[in-house]
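What follows is a set of notes on a single structure, which appears directly below.
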Amino acid sequence: MLEKFFKNWNRKKLKNKKYDFLFDEPLADEYVSLDCETTGLNPKKDEILSIGAVLIKGNKILMRKTFNIFLKPVKNINAESIKIHQIRTVDLENALDPEDAIYQLLDFIGSRPIVGYYIKFDVTIISKYTKKYIGIKLPNDTIEVSTMYYRTRKRTSDYEFIDLKFDTILKNLNIPALGKHDALNDAIMTSMMFLKLKDLTPAKTTFYTN
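As numbered in full-length UniProt numbering, residues 1 to 210 make up the sequence shown, in order.
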């Protein structure tokens with residue numbers, strides 16, 4: 001009941017009614033796996049440099065339904081940032097204006113739940129843009145693969161450490177590494193994690209948060 005109230009309240013703040021479809025009932029068993037490369041880890045001050053996403057339908061990753069764009073940052077990229085994401089200024093020569101990029105992303109995602117690895121960060125930084133352009137935070141439900149993975153691990157005690165690093169999850173699920181610090185590759189690998197974990201998770205529980 002409370003969730004529905006907040007969803008309706010958020011919907012009323014939408015400045016561009018073209019994007020009212022974000023609040024539609026999502027199609028059954030469809031998801032979008034998403035990843036962002038950013039200038040840093042502070043959503044309030046850092047910027048998105050690239051976004052990769054892929055559509056999941058049922059138990060299939062639709063490789064013909066991928067999304068991969070670069071965004072023009074307002075500030076110059078510093079050297080320390082480049083060491084992490086490997087995106088140089090020259091790589092952004094044909095990048096899109098952030099507003100155009102976000103509109104394209106919203107059209108791709110629709111109202112589908114968003115799957116990701118530490119997806120809260122991605123949604124938070126994307127929401128900084130959507131709030132500016134359409135007046136609201138990204139309203140889609142999210143599914144966190146590290147939480148799914150954690151719940152499938154057998155522990156001998158409540159104090160046992162569970163390694164939730166991306167590479168560890170890949171290895172333990174026997175998923176091939178496609179390359180690091182590439183938004184689309186990360187989104188594809190995350191989608192493979194999700195499909196494997198979906199059947200392993202007790203009672204096939206979904207892990208949605210707004």
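Each residue gets a CB set at the ideal place from its N, CA and C atoms; glycine is no exception.
Since this is a predicted model, take the numbers as computed values, not measurements.
- With a cutoff of 8 Å on beta-carbon distance, Ile136 and Leu14 are scored as near each other.
- Nearest C-alpha to Ser191 among Leu34, Lys45, Asp107, Glu3: Leu34.
- Within the DSSP bridge table, the entry for Phe166 names no partner.
- Beyond the five residues adjoining it in sequence on each side, Ile56 comes within less than 8 Å, by CB distance, of Glu30, Tyr31, Val32, Ser33, Leu62, Val115, Ser191, Phe194, Leu195 in the same chain, given in chain order.
- For Thr152, the closest C-alpha among the options Gly52, Leu170, Leu200 is that of Leu200.
- With fewer than three CB-CB distances shorter than 8 Å, the segment 155-162 does not count as touching the segment 118-133.
- By DSSP's assignment, Phe5 forms no beta bridge with any residue.
- Counting only residues of its own chain and dropping the five nearest sequence neighbours on each side, Asp46 has a CB closer than 6 Å to the CB of Thr38, Thr39, Gly40.
- Residue range 30-38 is occupied by the beta strand (DSSP E) that includes Tyr31.
- Bounds of the alpha helix (DSSP H) holding Glu99 are 98-109.
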